[in-house]
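Encoded as structure tokens, the structure appears first; notes follow it.
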Ligand SMILES: [Zn+2]
């Protein structure tokens, strides 16, 4: 597989070699993949086994039935922009310890760089723990559902027309690749953010934090986010900020927005 990734960066994918391969493949139907991107890194056998059947149904089924690796995810996100660029853009917000891009989709009908038009920004963050993979599928599936139904479904149209929805399918690409909860430095990123009761509270600095954590903190400060959801895996639970306690013991710590969070969790 490695040789197909030569020259792969967050900004470009060399697909010329892949196109030669695809042209040789009589079974491949280019009409289903006009840019030739989605299949560019897969062998004929892999395409047949892993991708083509699903893709021939729909992109939504593709992302909800496949576990894309980091390179495949990047290519898929670029493909998403090709298909749904009228309501989305792809932003590289940072990179991991091992240099993998951390990329977010911004979805809105007023998606332009630097635009702050008063509509609320909302973010969905998946993959903070590399071995909890459901959020990756759910968040990519949501992006596809929005793209597919924007014109026909009032709920999809509401999201696109009234918010800036950010979808970050993988905050910890090294952890996903290494199949571990932690990042490549062995740190639990979910414990790496500022705590209201420790250090200098939630306004403490970026210094000393992991690159993935810094990426999220800078991104959070750059846009006027009004709410945020982080996906985990392993149990059915909703936890909401600020869920620590001053003495470090475990008990119900009501936040100022308690009623709103309960409403959101139930809806
Ligand atoms: Zn988790």
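Residue numbers (our numbering): 8 to 274.
Backbone N, C-alpha and C define an ideal beta-carbon position, used for all residues, glycine too.
Inter-residue Cα distance where the pair is residue i and residue j
i, j, result
"residue 98", "residue 187", "25 Å"
"residue 87", "residue 161", "21 Å"
"residue 79", "residue 70", "11 Å"
"residue 259", "residue 163", "35 Å"
"residue 222", "residue 198", "15 Å"
"residue 254", "residue 204", "9 Å"
"residue 229", "residue 175", "15 Å"
"residue 267", "residue 127", "16 Å"
"residue 165", "residue 155", "14 Å"
"residue 180", "residue 95", "22 Å"
"residue 265", "residue 115", "28 Å"
"residue 117", "residue 168", "8 Å"
"residue 275", "residue 158", "An answer regarding residue 275 cannot be provided, because it is not within the stretch 8 to 274 covered by the chain."
"residue 257", "residue 194", "23 Å"
"residue 200", "residue 261", "20 Å"
Pick from the options that is closest to residue i, judged by C-alpha positions
i, options, result
"residue 219", "159, 107, 131", "107"
"residue 238", "158, 86, 257, 178", "178"
"residue 242", "263, 141, 150", "141"
"residue 72", "212, 182, 143", "143"
"residue 153", "76, 171, 139, 138", "171"
"residue 192", "103, 147, 91", "103"
"residue 182", "139, 158, 205, 96", "139"
"residue 247", "273, 256, 226", "273"
"residue 173", "77, 159, 233, 253", "233"
"residue 240", "134, 271, 123, 228", "134"
"residue 65", "148, 211, 230, 228", "148"
"residue 231", "207, 110, 130, 184", "130"
"residue 263", "256, 249, 115", "249"
"residue 225", "146, 67, 109", "109"
"residue 105", "113, 77, 123", "77"
"residue 251", "235, 212, 208, 213", "208"
"residue 75", "227, 93, 184, 256", "184"
"residue 132", "123, 122, 145", "145"
"residue 137", "196, 261, 206, 122", "196"
Exposure of residue i, with buried meaning 16 or more beta-carbon neighbours within 10 Å
i, result
"residue 82", "buried"
"residue 9", "Caution is warranted here: a pLDDT of 28 is assigned to residue 9, below 50, making its placement in the model unreliable, and no coordinate value can be reported."
"residue 58", "Residue confidence for residue 58 is low, a pLDDT of 44 falling below 50, so the modelled location carries little weight; the figure read from the coordinates is stated next. It is buried - the Cβ of residue 58 has at least 16 other Cβ atoms within 10 Å."
"residue 150", "buried"
"residue 305", "Within the shown structure, residues of the chain are numbered from 8 to 274, placing residue 305 beyond reach of any answer."
"residue 119", "exposed"
"residue 269", "exposed"
"residue 271", "exposed"
"residue 217", "buried"
"residue 210", "exposed"
"residue 213", "exposed"
"residue 101", "buried"
"residue 190", "buried"
"residue 215", "exposed"
Residue i CB to nearest heavy atom of ligand 1 below 7 Å
i, result
"residue 215", "no"
"residue 128", "no"
"residue 137", "no"
"residue 190", "no"
"residue 197", "yes"
"residue 193", "no"
"residue 239", "yes"
Interface flag, residue i vs chain C, CB-CB below 8 Å
i, result
"residue 65", "Among the chains in the structure shown there is no chain C, since it carries only a single protein chain."
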